[in-house]
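A short worksheet on the structure shown next.
Protein chains: 2
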Amino acid sequence: MKEKELRRSLAVLPMGTVMKLTSLTARQIRYYEAQGLITPERSDGNRRLYSLNDVDRLLEIRDYLADGVNIAGIKAIYDQQSAATMAKQSAQQQPLTDEDVRRILQDEFIRQGGLGHPNSGIQRPF
Amino acid sequence: MKEKELRRSLAVLPMGTVMKLTSLTARQIRYYEAQGLITPERSDGNRRLYSLNDVDRLLEIRDYLADGVNIAGIKAIYDQQSAATMAKQSAQQQPLTDEDVRRILQDEFIRQGGLGHPNSGIQRPF
DNA sequence: CTTTCATGTTAGAAAAGCTAACATGAAAGC
DNA sequence: GCTTTCATGTTAGCTTTTCTAACATGAAAG
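Those sequence lines, one after another, are chains E and D.
Those letters in the first sequence? Residues 1 to 126, by my numbering.
Those letters in the second sequence? Residues 1001 to 1126, by my numbering.
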């Protein structure tokens, strides 16, 4: 499933294509970017390049606006989502077991404690 | 799975993107088109638009050429493939059972024979 | 040595995209 | 009512990208 993700996040679509795919105007798309709702990549020549994920997000934005949500509201939603994602990532990164933690701290102590005289490998009982 | 196919055959990628995705030059890509190996769509303004399927085919072409197959050879391969596909499609369309065939022929005869001298529905033993 | 093949290179034109600025209709707030 | 704000339209001038067409070329084939 990694390849699909990769393809969906490949920034390869130019403005014109995205306009057609979303039925938004260039003005709208650039405005949403200016408001921080999307961040397309840029080509060497400074042209915007969008991914399929970007297109999906633009469609979402379109729907939110059609539902009367204003841009500040949409931004709030996305900020919240990314905060949640961050938290999840931290959580995922934290599948450090207690054992892992102990090992890491131990390493840390060994490296530190090793100042003038390699401290003979004293093992603190963490 | 229809959506995936649709996306893969959506012609949305401009030349520059395809160049990067395939590491081919514009000259090469246009030449392969001139030789009938690919047929990208065109934008209103006459710019070529490629799909992900096109990109895959270009990568195949690149590999064939690297393996010493010349363009005529590649074309032969693709012609053969599409012939095979055609045949398969016909075959798929042909899940007409003998019974179907008989019914169709019968209808045909009835419609035809049905005027001056209704041939009384004679059934030829096909 | 002459063709053929696959590709490079160049020139001139047109399309597409960029930024920046000003314009505007509808809502919101006073 | 009048004034802001929001989301979008419009325009202008400029740069990048792509297009076609033509000529150039190295390697292989004959």
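C-beta atoms are modelled at their ideal positions from N, C-alpha and C, and glycine is treated no differently.
Measure how close the beta-carbons of residue i and residue j come, nearest whole angstrom, since I'm counting them as under 8 Å.
i, j, result
"L49 (chain E)", "P14 (chain E)", "7 Å"
"A83 (chain E)", "P40 (chain E)", "A83 (chain E) to P40 (chain E), Cβ: 22 Å. No contact."
"I1077 (chain D)", "Q1035 (chain D)", "That belief does not hold up - the Cβ atoms of I1077 (chain D) and Q1035 (chain D) are roughly 13 Å apart, past 8 Å."
In chain E, which residues lie with their C-beta within 7 Å of the C-beta of residue i?
i, result
"P1040 (chain D)", "The contacting residues do not exist; P1040 (chain D) stays about 13 Å from chain E at best."
Could you name the residues of chain D that residue i contacts, counting a contact when the two beta carbons are closer than 8 Å?
i, result
"S43 (chain E)", "G1016"
Residue i touches chain D at which residues, Cβ-Cβ below 9 Å?
i, result
"L13 (chain E)", "V1012, L1013, P1014, T1017"
Measuring alpha carbon to alpha carbon, tell me which residue in the options is nearest residue i.
i, options, result
"E33 (chain E)", "E:T17, E:A66, E:V55", "E:V55"
"Q81 (chain E)", "E:D67, E:Q28, E:L37", "E:L37"
"E16 (chain E)", "D:S1043, D:E1005, D:V1018, D:G1016", "Sequence inspection shows Gly at residue 16 (chain E); the Glu mentioned does not correspond to that position. Comparing Cα positions, the closest option is D:S1043."
"I1029 (chain D)", "D:T1085, D:L1065, D:D1079", "D:L1065"
"E1047 (chain D)", "D:V1018, D:L1006, D:S1009, D:D1079", "The question names Glu, but residue 1047 (chain D) is Arg in the sequence shown. Measuring from the Cα of R1047 (chain D), the nearest candidate turns out to be D:V1018."
"Y31 (chain E)", "E:K75, E:L6, E:T85, E:R8", "E:K75"
Would you be able to state if there are at least three C-beta pairs under 8 Å between the segment 52-72 of chain E and the segment 22-42 of chain E? Yes, they touch.
Along the segment 59-81 of chain E, where does the CB come closer than 9 Å to a CB of chain D? Name the residues. Within the segment 59-81 of chain E, no residue qualifies.
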